[in-house]
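Which chain is which? The protein sequence lines are A and B, in order. 1 is the number of the first residue of the first sequence in full-length UniProt numbering; add one for each residue after it. 1 is the number of the first residue of the second sequence in full-length UniProt numbering; add one for each residue after it. For glycine and all other residues, C-beta sits at the position ideal for the given N, C-alpha and C. These notes concern the structure reproduced below.
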Amino acid sequence: MGLLSDPNRRRALISLLTRLNTPICIVCYMAGVAWFMGLAFEPFTLRTYMSENAMGSTMVEERFPAGERALATGREFSAHKKRTGGMPVEWLMKTMQAKGLEVFTQRFSRTLPFPDENKERYMVRGTNVYGILRAPRAPRTEALVLSAPCSPGDNNNQAVGLLLGLAEYFRNQIYWAKDIIFLVNEHDLIGMQAWLEGYHHTNTTGTFCHSRGGSIQAALSLELSSDIITSLDLVLEGLNGQLPNLDLANLFYAFCQKIGVLCTIQGKLQRNDWDSVSGYSHAVQTMMLMVMKQASGRPWGDHGLFLRYHIEAATIKGVNSFRQYKTDATTIGRLLEGMYRKLNNLLERLHQSYFFYLMPSLSHFVSIGYYMPAFGLLAVILLLRALDLWVQLSTPPQRTEDGVTDIEPVRGVLSLLTPLVISHLTGVALYMLPIRFQEMAVEHFPVSETEAVVLTAIAVYTAGLALPHNTHRLLSGEGTEQGWRVLKLVAVLYLAVLLGCTALINFSLGFILALTLVPVAAFVTPHVPKVLSAFILVILSPACTLLFSVFFFQELQEMPISFQDGWLLFLSVISQGILDHSLYGSLVYPLITLLVYPCWLLFWNILFWN
Amino acid sequence: MAAPLTLLLLVAVTVRAALFRSSLSELISERVEVVSPLTAWKRVIEGLALLDLGVSPYSGDVFHETPLTIYLFHFLVDYAEVTFMVSVKKNVFRKQKFALEADRYPLDCLELIRSPKEMYYIPLKVAMFYLLNPFTILSCVAKSTCGLNNAIIALFILSTIKGNVLLSAIFLSLATYQSIYPLTLCAPALLYLMQRQYIPVNFRRASFWWFIVQYAFMYLGSLFVIICLSFFLLGSWDYLPSVYGFILSVPDLTPNIGLFWYFFAEMFEHFRLFFLCVFQINVFFYTIPLSIKLKEHPVFLIFMQLAVISIFKSYPTVGDISLYMAFLPVWSHLHRFLRNIFLVSCVLLACSALFPVLWHLWIYAGSANSNFYYAITLLFNVAQILLVSDYFYAFLRREHHLTYGLYLKRKDGSEATLVLK
C-alpha cells in the first residue's frame, strides 16, 4: 500500500510516467507485437496433452471394416441426390431405417434478409434427416452427434456414405452408453441451426424435432468429397470465435497419430524444424490463420453453431491433394469409430482442458495465460495515455475565477455529449440502414440487393466521417483546449474497456482491433498535422483494417489476389458479415458498427477539434 | 433551483419509462448484479400469487421479502422513491453543511470551506447522482425492491437531519425491518441528534444515557409494532426465519456482486457457521471504530456506514451501491485530497462492463468459469473499499488542515508533506 498512500513515491512515479509517456507507449506497443509473434515459437508453447481421464487412459480398438461399402452407399446417395435435385429424403429415410435407426425428419424454411450471392440462395427450404441409434447400455440421457452436410453438386457424397456405413456398424456394437445421432443436414449452417433449435426447443425457423436423444455431449461434422484422401483437416473456429474444448482437438490428434493419418490444422502440416526460419514462419502462418478465422466471428464449418449450446464440436475435412500418402475410407471410418468410442466413455462434459487457446500446430497450443499479456501490453498504452491526460487535466487549477466555474461544467458536458451522441447515432445508422434501405436502393440505382446492402453500408460509413466533427461548435462555441482533453480521456477509457471486453470474448478480434486502434488513440490530438494524420486515421479505421485483413488472409492461404479481386472479396465479406449476424447471431457486425466505429469517430472528432 | 430539478426529474423518469417499455427490461430484471434473491420482483409476484391462493408466501424457498412489502404495489413506490430521494437531499445537506462549516477555523483555510453558492447546487447534484446513476436506473427498471429500502433509508436520513427524533427512530426501525443491516445506522443517528440537542457524548452524564434510552425505546417500540403488525397480517411467524434467517445464514449462493457466494460455495460445510459469524460480524463491527473516530461528524459516518453495508452485506446489488454513491457530491470539497479517484473510477467502470461479459462467458458460452466472475467481483469490491477509504482519508486530512492550516511548514521552514502510515 506504500504506493497508494506515500505521496512522495506517488509523485515520483506519476512524473516518471508522464515524462516518459511516449517512449513507454512505443516500447509497450513493440513489446506487445513481439510477444504475440513469439507465441508461435515452439519453445514458448505447450505441448498438447489429454486432460480428460475418461478419454486418456482407456484403450479402444478400432475394427470398422466396411469402407468400400460405405463409398458404394455414397455413390448411391449421389445418384438419388441427382435424381431428386436436392436432398433424397425418402431414400435416406429408407436406408437409415434399414440400418436399424429410428429415423425422423425436420422441415425448415427461412428467408434471408437479402440474397446470398456466394451460395446463391434467398428463400431457403429444406429437410434435415436424422437417425438415432439408441444406447443399449445406459439410460438415454446423453447423446453424441455425427453429421454430414448434403451439399449441392458432387460434394460430400462420400461423407454421407461413410456416415451411413458407420451407422450400420455402430448399430451392431453393444458398448454404446450414449445415443448416437446421425444427421444429414441440408443447406449447411441454416439447416444445422434449424435442427439445433428444433432439438433444443428454441425454435424460430423450423418445426420441432419430434424425437430427441439425450443431451448432446459432443459433435463431429464430416466433410469428405473424394474416395481417397491424403490428409484430414481439423476446423475448430465456431460462431463468435468460440472454440471447442482443447481435448477434442487432442483426441483427434491422438487418433491420427495412432492410426497413421496425416492431420493438418488450417490446412498446414506440422513441421519439426521449429528452430529454422522457415519452420518458425510456418508456425506463425498457421497461428495467424487461426487468429484471422477466429476474429471473423463466423462459423468455419457446420460444427460452429453447436458451441452455442455448450456442445463441444469440430469439423473434420478430408483433403485430397497431390501428396503421396493416401488414406482410404476404411481408415477414416476407423478413426471416427475410435473417437466416438472414446467420447462414449465420457463421464461428464468435456471441461478439463482449455477453452481459450491458439494453435500454431496441432501438437502445440498457446493458452490464455500466454497470449493475454500481448493484448495487455497494448491495453496498457491506453491506460498510460489516460493517466497522462488525467494529470494534465488536474494539474492546472481550474478555478481561475469563481464566477466561471459554474457555467463551465455545463458547457463541458455539452461539448462532450454532442460528439458522443452523434457518433453513436452514426453507428446506429450504419447498423440499421443497409438492410432497411435495400429496396429503395434497388429501385433507384442499377444494383442487385446484395450490392445495395454493401454499398449502403460503405456510404453510411464514409458519410460518418463528414458528420461528427465540428458539431460541438454549433452548441458550445469554440472547442477549448480542455474540451478535447476530456473527450480524449473519455474516448481512450471507452476504447480500453471495449477492447478488453472484446478480447475476453474473442481474443483475436480484440487483438487485431487493438493493433490498429491503439496507435490512433495514442497519437491523436488537434495539434498534429491535419492531412497526414487524417490519412493515417483513415488507414487505421475499422473498415480499412478489414480490407487489409482480407488481403492478408489470402496471402496467408498462399492464394494472393489482385486488388480488383480483393475489393470484390472485401464487399462479399461485408455482406457475409451482415448475413451471419442476421442468420446466426454473429456479434462482429453489431460490435463494429455500434461500438468500435463510434469510438473511432470520437478520435476523428478530436483530430478536427479546432 | 426548482426548474433544473424538475428537468432532471423529467429526464430521469423518461429514461426509466423508455427502458421499461423496451425489450431490455426483461433482460435487466434477470441480471444477478441488479436483483438479488431478496429483492427480485419476480419473487415478489410469486409471493403475491401464493398469498392470493391463501398459502403462506414463505412456505417455499422463493419469497424473502418482509410481509409489509407484499401489501405495497411496488411499481408506484419505485417512482415515489425517486421523488423522495430528491426532496430528501434538497433540504438535508444545505442545512447540515452550514452547521458543519462554522467559522471557527484558521483563516487561511477559507478555500477549504465551501462557499454558499456551491452549497446551493449540492442537493441538485445529489439528486442527479442518484437519479441518473446507471446503477439506480438498472435497479429501477428491474423493479428491484431495493429502491424501496433506499427510500426508507433516505427518509431516515432526512428525518434525522431535520432533528425529528421520533420519525428518525420509526424510519430506522422500518429500515431495520426491511433488511437487518441498517441497524448500524443508529450510532450516527444518535450522535447527530445529540449534537443538535447539545448533549455531550460523555458516558458519565445522565442526560447522555437518558437520550439513548429514549431513542432506544422509540426504536424498539416501533420495531415491535411493525413486527407484531406483520404477524397479525400473516397470522404466523413464518416470515422471521424466511426473511432474517435468509439474510443472516445466506443459504442462497446465486452469484452476485458481493463476497459471500463464492466463499460459501467453496467452503467445507463444517466451517460454514464459523465463517458465517465472521462475515456477518464484519458488517457490524466497523460501527465501533468509525463512530469513535467520527463522533464529531455523524453525517460522514452515515455515508461510511452505508458504504460498508453495501459492500459487505450478504446479498448486495447495484442499487445499494447507488445509495452511497449519491452522497459523493456532498463531499465534493474533499476532491483535492483524494488520491486514487482516477484509478478507482477506472476499475469500477471496467468491472461494471466486465460483469456481463464474464457472466456470458461462464453461463452461456461455457468457456470461462466462476473464478473469472468472482475475480471481477473481488476487484469491484476492492475498488469500492479503496474509494471509501480514500474519502475517509481525505476527510481526516481536511480536518487536519482545518486545524493546522493548509500549507504546512516543517520546523526548518521547508514545505512539509503529510504521510499516512
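C-beta atoms of residue i and residue j nearer than 8 Å
i      : j      : result
A:P65  : A:T327 : no
A:V124 : A:L133 : no
A:T73  : A:L164 : yes
B:V344 : B:I309 : no
A:V366 : A:L39  : yes
A:F77  : A:G191 : no
B:F135 : B:G319 : yes
B:S173 : B:S222 : yes
A:A491 : A:C599 : yes
A:V538 : A:C544 : yes
B:I28  : B:V165 : no
B:Y181 : B:T160 : no
A:S231 : A:A283 : no
A:L377 : A:A314 : no
Amino acids of chain B, ordered along the chain, whose beta-carbon sits closer than 9 Å to that of residue i
i      : result
A:G500 : A350, A353, L354 and V357
A:I174 : Chain B residues near A:I174: none, gap ~32 Å exceeds 9 Å.
Residue i, enclosing beta strand (DSSP E) - first and last residue
i      : result
A:S147 : E142 to C150
A:D116 : E102 to D116
A:L183 : D179 to E186
A:Q364 : It is His, not Gln, that sits at residue 364 of chain A in the sequence shown. A:H364 -> beta strand (DSSP E) spans H364 to S367.
A:S215 : S215 to E223
A:Y357 : Y357 to S361
B:R205 : Note, B:R205: premise wrong, no beta strand (DSSP E); not H, not E.
A:I265 : C263 to I265
A:T315 : E312 to V319
A:N128 : R121 to L133
A:D233 : S231 to V235
Sequence-distant residues of its chain with Cβ nearer than 8 Å to residue i (five each side left out)
i      : result
B:L100 : Unreliable positioning characterises B:L100 in this predicted model, as indicated by a pLDDT of 41, which lies under 50. The coordinate reading is nonetheless provided below. The residues are H297 and V299.
A:R171 : K99, G100, L101 and L133
A:F104 : V129, Y130, G131, I132, C209, H210 and S211
A:Y431 : Y589, P590, T593 and L594
A:S533 : F523, V524 and L607
B:F246 : P37, L38, H64 and D252
Same chain, Cβ closer than 6 Å to residue i, five either side skipped, listed in chain order
i                      : result
B:L110                 : Confidence at B:L110 is low in this model, with a pLDDT of 40, below 50, so the placement of that residue should be treated as unreliable; the coordinate-derived value is given next. For B:L110, where only same-chain residues beyond five positions count, there are no Cβ hits under 6 Å.
residue 493 of chain B : Since the first residue shown for chain B is 1 and the last is 421, residue 493 of chain B is missing from the structure and cannot be characterised.
A:G304                 : G238 and L239
A:P397                 : Model confidence at A:P397 stands at a pLDDT of 49, short of 50, so the residue's coordinates are unreliable and nothing is read from them.
B:K125                 : P329
Range covered by the alpha helix (DSSP H) that runs through residue i
i      : result
B:G163 : Neither: B:G163 is in no alpha helix (DSSP H) and is coded neither H nor E.
A:Q158 : N157 to R171
B:L349 : I341 to W359
A:A34  : N21 to G38
A:S78  : G67 to T84
A:M290 : V277 to S296
A:G577 : F563 to Y584
B:I257 : Looking at the DSSP string, B:I257 is not in any alpha helix (DSSP H), and its letter there is neither H nor E.
Chain-order list of residues whose beta-carbon lies under 7 Å from that of residue i (same chain, five-residue window excluded)
i      : result
A:L350 : E52, A218, N245, D247, L248 and E312
B:L190 : I212 and Y215
A:P139 : none
B:F231 : W237
Contact list for residue i against chain B, beta-carbon separation under 8 Å
i      : result
A:L493 : C346 and L349
A:Q242 : A365 and S367
Chain-ordered chain B contacts of residue i [CB-CB under 7 Å]
i      : result
A:V497 : L349, A350 and A353
A:W390 : F342
Give me the subset of the segment 358-373 of chain B whose CB atoms are less than 9 Å from a CB atom of chain A, sorted by chain position.
L358, H360, L361, Y364, A365, G366, S367, A368, N369 and F372
Item checked: Members of the segment 300-324 of chain A near chain B, C-beta cut-off 7 Å -> H310
Open item on the list: Please list, in chain order, the residues of the segment 323-351 of chain B that have any C-beta partner in chain A closer than 8 Å.
Closed with: R339, N340, F342, C346, L349 and A350
**Request:** Identify each residue in the segment 501-515 of chain A for which the Cβ-Cβ distance to at least one residue of chain B is less than 7 Å, and report them in chain order.
**Result:** C501, L504 and I505
Discussion item. Taking beta-carbon pairs under 7 Å, can you tell me which members of the segment 343-373 of chain A lie near chain B?
Written reply: F355 and F356
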